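See below for the structure under consideration.
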Amino acid sequence: MRRRFLIPVVLLCGAVLSTSAHGGGFQLNEHGARAMAQAGAFAARANDPSAIFFNPAGLSYLRGAHIMAGATLIAPVNTYYGPTNLNSNEKWEMDKQVFSPPNLYITNTWTDGMLKGLALGIGVTTPFGLGTRWPDQWVGRAVTREIELQTFYVMPTISYALTDMIAVGVGANVVFSSVSLRRAVTNFDPVMDLELEGTGEVAVSWNAGVLFRPTEDISLGFTYRAQTDIDFEGTADFHPPSTLAPMFPGGDVTTGLNAPATWFAGIAWSPTENIDLEFDFQGIQWSAYKELAIDFATDAGNTPGVAQNDVVSVKDYEDTWIARLGAEYRLRGTGLALRAGYFYDNNPVPDKSLEPLLPDADRHGLNIGLGIDFLPSVTLDVAYLHMIILDRVTDQTSQPGGVYMDGLYTGSANLFALNITYAL
Amino acid sequence: MTYHGNLLWLFAATLLLIGACSEDTPVGDPGLGGLDPTTYVAIGNSLTAGYQSGALFQEGQAFSFPNLLAQALGSTDFQQPLMPYPGTGELRVLETLIPAVRIGTMGQTQNLPTNPLLARPYNNLGIPGAIVWDAIDTSSILARAQQRSNPFYMFIMRDQGMFGASMIDQAAKLNPTVLTFWLGNNDVLGYATTGGTMGTNLGGGGIPPRTLPTESAVFELAIRTAFAKIKADMPNTKVLVANIPDPTATPFFTTVPRTLPNPTNPAIMMNIYYKNKEGQTGTVGENDFVLLTAQQKLQLGIGLSRDYPLPTEYVLDNAEMSIVLQAISEYNRVILEQAEVHGFVHVDMNAFLNDVKTNGYDIAGERYTTAFISGGMFSLDGIHLSARGNAVVANKFIEEMNRAYGANIRYIGLNTIPGMTAPTTIGTSKKSLWSLGLQFPVEHPNTLIGLY
């Protein structure tokens, strides 16, 4: 038995790769203003170029070529009261940040000739990501100060309408990503500031969908996006005082992230020609996210005198679902569409894994928006989503096997989306 | 458009309604309940004094658990006998952690308190080295200081005529509203930390004095007398008494392993040899404890062969540990029983620290353990608490106060307390021959006892 001097850097990196305030976990489901205004209940219609995300089969029922571009502004607000481990209700507000993940879709659908029913497209969007930042000196600084995760999915997509009733589509997902994290290491005086930065190796995944229109006013959609396993390579810097520098050399680190598989099943009904109603059920296989392992290239296991050590943080997220209800009402002869929607998002984070990196809770989404065809070939869509994140109280300190930030987590988020679609 | 207008109104109203929902915070407002924090006095030993890393010094005393507790309670004018750096004792300094822990000392120093003329007793009456009898002992502190080579009686009690002859007399002089009493540790640690070679017993009946833990009967008499006196002299004071922790909850007894890897083939574990009190040489077994002070001997190769065993004072063997644990269990029975008799709040520090030993102490996203240095709770001498360890103990007292007095006092956030001071140098020493991973400076087993 070698006795080695180890600082058990518990939660050294915590849940490095998480984020907050949009979809449960670190998922983001807002990828187009038209869909967002209808609470993302869109898989059974997918009748704009964001079909590349929502249901690639939908591309086949567009007409001609489109370019759709836009962004979603996300402004989360989170407050933590605690830690109750300290018998305290001290109020800590997460730094206010605004994120603006962009999206871009380019599609072409052949409506006659040999290629009739075929559609090709390419899209770029961000199904996972974003971040949280707490004040540098806040009570949970040893757990997290800041985290930011970004992913970009580039999705070349092909779709084919077998008949007017049924279409199928499939896309490749080429995933680019980056992550950064900062937290305090408080074992010693002075306190160290650990920074991790990493870039994901390009990962490849896929998605597929089917759209079925059995009658004029009923449409069914099913779409599936496979799990993406991303390997990050990066560097760690503890910013140690000089006398601790040899113990905390930082250096190369690797970690991995499992972006879970997700599926949508939707049904849309048009009671009249100018009204669409849609209900979608989304399943997310968060149980893929079991743990977060951070490996230091130089660690206590392979280098004498080094205190930094690999960390495995258990997540054990649970499979979960989101129910989505959306409606669109097109005013005849005006080129104006009014939209609204509601979703309920069941968060995947068990109490034992709840932490201020990702202060997650069940949430209600209230959505509203409109679309205007303000030129014959140009459509402007805007959407607003107010997310009510339910209060969540955790009391895990008495539970074995974890180090917890017990307290009351509250939050909400406002999201604004804008897209312009140009029909060529 | 009115139809859509209505929809919008409904939507806006829903938002407002939800936004107006109040937030229920999980912890009630802070409050003191039935506790009057005006004057707090602490009676105890080195653990109460804020002794750390082998010395009593100002920077450590700032984080004594009574001082932290006084701040948490909002007590006024909590005075301690602050000793300028490097204080009194032999302060340990972390020189390097690489490639092995190397701890240096500032040498033996004695520094008078900075406030020796305070015209009243100190609120912190923690006297390093004090045994339970000292609580009621009215004998000359000068005589005690000389007899035990312990300067702290003089430094802290100062003037028995003016401030009171015993520790309890001095406490009563301050008319405390809150009193903590944590004594008795040295009645067993004197024996335990010297590998069973020294003690605090009075002796008699064929048993020589100063060779064993204080006799249970003597301990019981001291506690009965002390608690009765506290009740009589300070009838309205809120009193909390803590019991004696298990020594195996400190790294002093648990850091050095019982076997060591063979330097030429680390897969083979080598026995450690020691001489027991009867002069027989044996190997360290799974119920024996090699003391932290043995590090340096082992480093020299002493203890690694039958011909050169560790001297008996470096090992608390199974038989000796049984004596220690038996004494603690009897002491703690008396403390509990007498606390109940007098209506004092009993703080089960023994169970608490054993729980920390087993499960760690998790607080607000961080975990502390009883491991040496890395655990964060113990100072460099391995037996006294670090600043954060003191905060853990203060939090235990707060927990008991909250429970007993209907108070709702906030705990102390450990990351507001400084961690271990980073090493003073970058490691230059050679790789440890035996891969002990730990080194300890020249030890003074004979003076250690005087310094608790």
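From first to last, the protein sequence lines are chains G and X. Numbers in our numbering are just positions in the first sequence, counted from 1, shifted up by 39. Numbers in our numbering are just positions in the second sequence, counted from 1, shifted up by 966. Positions of the beta carbon are idealized from the N, C-alpha and C atoms, including for glycine. The structure displayed is predicted, hence computed values, not measured ones.
For residue i, count neighbouring Cβ atoms within 10 angstroms of its own Cβ and tell me buried if that reaches 16, exposed if not.
| i | result |
| --- | --- |
| Cys987 (chain X) | Its pLDDT being 44, under 50, Cys987 (chain X) is placed unreliably by the model, and nothing is read from it. |
| Arg184 (chain G) | buried |
| Asn1141 (chain X) | exposed |
| Thr202 (chain G) | exposed |
| Ile314 (chain G) | exposed |
| Ala60 (chain G) | Residue confidence is low: Ala60 (chain G) scores 41 on pLDDT, short of 50, so the model does not pin down where it sits. No coordinate-derived value is stated. |
| Ser244 (chain G) | buried |
| Lys1397 (chain X) | Note that Lys1397 (chain X) scores a pLDDT of 36, beneath 50, so its modelled location is shaky; the value from the coordinates is reported in the next line. Exposed. |
| Ile1189 (chain X) | buried |
| Ala1198 (chain X) | exposed |
| Tyr448 (chain G) | buried |
| Arg1110 (chain X) | buried |
| Asp1283 (chain X) | buried |
| Ser1019 (chain X) | buried |
| Met1280 (chain X) | Note that residue 1280 (chain X) corresponds to Tyr in the displayed sequence, not to Met. Tyr1280 (chain X) should be labelled buried. |
For residue i, which residues from the same chain have a beta carbon less than 6 Å from its beta carbon, with the 5 sequence-adjacent residues on both sides left out?
| i | result |
| --- | --- |
| Leu259 (chain G) | Ala83, Phe251 and Ile306 |
| Glu240 (chain G) | Asp270 |
| Pro140 (chain G) | Thr111 and Thr165 |
| His70 (chain G) | Ser89, Phe92, Asn142 and Thr164 |
Would you kindly report the start and end of the unbroken beta strand (DSSP E) that includes residue i?
| i | result |
| --- | --- |
| Gly1026 (chain X) | Premise fails: Gly1026 (chain X) lies in the alpha helix (DSSP H), Gln1024 to Gln1027, not in any beta strand (DSSP E). |
| Arg184 (chain G) | Unbroken run through Arg184 (chain G): none, as it is neither H nor E. |
| Asn1167 (chain X) | Per DSSP, Asn1167 (chain X) belongs to no beta strand (DSSP E) and is neither H nor E. |
| Asp268 (chain G) | Thr267 to Asp276 |
| Ala74 (chain G) | First-last for Ala74 (chain G): Ala72 to Ala76, but that is the alpha helix (DSSP H), not the beta strand (DSSP E). |
| Gly1070 (chain X) | Arg1068 to Thr1075 |
| Asn1152 (chain X) | Per DSSP, Asn1152 (chain X) belongs to no beta strand (DSSP E); it is in the alpha helix (DSSP H), Asn1152 to Ala1158. |
| Asp430 (chain G) | Val417 to Thr433 |
Which of the three DSSP states, helix, strand or coil, is assigned to residue i?
| i | result |
| --- | --- |
| Gly1127 (chain X) | helix |
| Val1359 (chain X) | helix |
| Tyr1088 (chain X) | coil |
| Asp445 (chain G) | coil |
| Ser378 (chain G) | Checking the displayed sequence, the identity of residue 378 (chain G) turns out to be Arg instead of Ser. Three-state result, Arg378 (chain G): strand. |
| Asp401 (chain G) | coil |
| Arg1110 (chain X) | helix |
| Arg84 (chain G) | coil |
| Pro253 (chain G) | coil |
| Glu394 (chain G) | strand |
| Tyr461 (chain G) | strand |
| Asp1212 (chain X) | coil |
| Gly97 (chain G) | helix |
| Thr359 (chain G) | strand |
| Leu454 (chain G) | strand |
| Phe1147 (chain X) | strand |
The alpha helix (DSSP H) that contains residue i, what's its start and end?
| i | result |
| --- | --- |
| Phe1031 (chain X) | Phe1031 to Leu1039 |
| Leu1291 (chain X) | Asn1284 to His1308 |
| Glu132 (chain G) | From DSSP, Glu132 (chain G) is part of no alpha helix (DSSP H) but of the beta strand (DSSP E) over Lys130 to Glu132. |
| Arg1190 (chain X) | Ser1182 to Asp1199 |
| Pro1117 (chain X) | Unbroken run through Pro1117 (chain X): none, as it is neither H nor E. |
| Asn1316 (chain X) | Met1315 to Asn1325 |
| Ser216 (chain G) | Segment Ile205 to Val224 is the beta strand (DSSP E) holding Ser216 (chain G); no alpha helix (DSSP H) there. |
Excluding sequence positions up to five away, which residues of its chain have a Cβ less than 8 Å from the Cβ of residue i?
| i | result |
| --- | --- |
| Met967 (chain X) | Here Met967 (chain X) scores only 43 on pLDDT, less than 50, and its place in the model should not be relied on; the value that follows carries that caveat. Nothing meets the Cβ criterion. |
| Asn385 (chain G) | Gly63, Thr359, Trp360, Ile361 and Asp401 |
| Val137 (chain G) | Leu112, Ile113 and Ala114 |
| Thr1394 (chain X) | Only weak support is given to the placement of Thr1394 (chain X): the predicted model assigns it a pLDDT of 45, under 50, and the question is left unresolved by the model. |
What distance in whole Å lies between the Cβ atoms of residue j and residue i, which are believed to be in contact at a cut-off of 8 Å?
| i | j | result |
| --- | --- | --- |
| Ala104 (chain G) | Asn147 (chain G) | 4 Å |
| Ala275 (chain G) | Leu233 (chain G) | 7 Å |
| Ala1330 (chain X) | Gly179 (chain G) | 7 Å |
| Ala300 (chain G) | Gln266 (chain G) | 4 Å |
| Leu1063 (chain X) | Pro1389 (chain X) | 6 Å |
| Leu1206 (chain X) | Val1098 (chain X) | Rounded, the Cβ-Cβ distance is 16 Å, inconsistent with contact. |
| Gly1055 (chain X) | Ala1085 (chain X) | Not confirmed; about 27 Å, so no contact. |
| Asn1368 (chain X) | Ile1375 (chain X) | 6 Å |
I'd like the list of long-range same chain contacts for residue i, defined as Cβ closer than 7 Å, with 5 residues on each side in sequence excluded.
| i | result |
| --- | --- |
| Ile1432 (chain X) | Any question about residue 1432 (chain X) goes unanswered here, given that chain X covers just 967 to 1418. |
| Gly1040 (chain X) | Pro1003 |
| Asn1356 (chain X) | Gly1016, Phe1029, Ser1030, Phe1031 and Leu1034 |
| Ser1132 (chain X) | Ala1101, Ile1102, Asp1103 and Thr1104 |
Of all Cβ atoms in chain A, is any one closer than 8 Å to the Cβ of residue i?
| i | result |
| --- | --- |
| Leu1035 (chain X) | No chain A appears in the structure shown, which is made up of the protein chains G and X. |
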